[in-house]
Amino acid sequence: MAMTTKDSSTTAVTASGVLEVCSVRAGDALFGVPIMRVLEILGKQTVQTVPLAPAYIGGLVHYRGEVLTAVSLRQLLGLSLQDGLSDVLVFEGWDGYFGLMVDAVGEVSTVSSEKFEANPSTLEDRHKALFAGTYKLDGSLLVMLDPDHFAPDQLAEVEG
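Each residue of the sequence shown is one higher than the one before, counting from 2 in the numbering used here.
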């Protein structure tokens, strides 16, 4: 099936105007990432904390013989830390592999480009980079995350 791009690879939609997204939760909020960007879902993981690391770095996780830096979505959103294990999704960034820690991974679903809304102009600049926009679903909103901006090297530039 032919691929077209709408804004970035984060909102890449098929020629039929749909995008497959993996839903994730942080707190009560529902987020989505393009499933084509997710390399693997590791499930509940023990994450090794890193002393003196920026708050958004949740820790380190093992992945196929490598040690990955895992970014905490809760910390990026300013939510309180949660006790217990986090689900970790693996992505490939410009600087290698990294993980994204979330409270829960939901289902993979298809969303229509007709239901897409750009970020509101009132959104803080630092969040505009993290969020690619919102899809209106039946009874809820799905905020799209931009994996390129969640890579630890990219966050270091933004968080400075």
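Beta carbons are placed, not taken as given, at the ideal position from N, Cα and C, and that holds for glycine.
- Taking a C-beta distance under 8 Å as the contact criterion, residue 156 and residue 57 qualify as a contact pair.
- Exposure of residue 123 is indicated by the presence of fewer than 16 other C-beta atoms within 10 angstroms of its C-beta.
- Non-local beta-carbon contacts of residue 154 in its own chain, meaning distances under 8 Å to residues more than five positions away in sequence, involve 94, 95, 96 in chain order.
- Annotation: the continuous alpha helix (DSSP H) that includes residue 126 extends over 126-131.
- Residue 117 is bridged by DSSP to 136.
- Here DSSP, grouped into helix, strand and coil, assigns residue 96 to coil.
- One alpha carbon belongs to residue 79, the other to residue 119, and they sit about 22 Å apart.
- In this structure, residue 48 lies near residue 59, with their beta-carbon atoms less than 8 Å apart.
- Within 10 angstroms of the beta-carbon of residue 148 lie 16 or more other beta-carbons, which makes it buried.
- For the options 77, 105, 70, the alpha carbon positioned closest to that of residue 86 is the one of 105.
- In summary, residue 101 is buried, with 16 or more beta-carbon neighbours lying within 10 Å of its beta-carbon over all protein chains present.
- For the pair residue 62 and residue 89, the CB atoms are nearer than the 8 Å cut-off.
- When rounded, the separation of the alpha-carbon atoms in residue 23 and residue 109 is 4 Å.
- If one requires a minimum length of 3 residues, the beta strand (DSSP E) runs lying completely within the region 16-97 are 19-27, 30-35, 41-46, 58-64, 67-73, 87-94, in chain order.
- Residue pairing of residue 146 in beta bridges, as defined by DSSP: 132.
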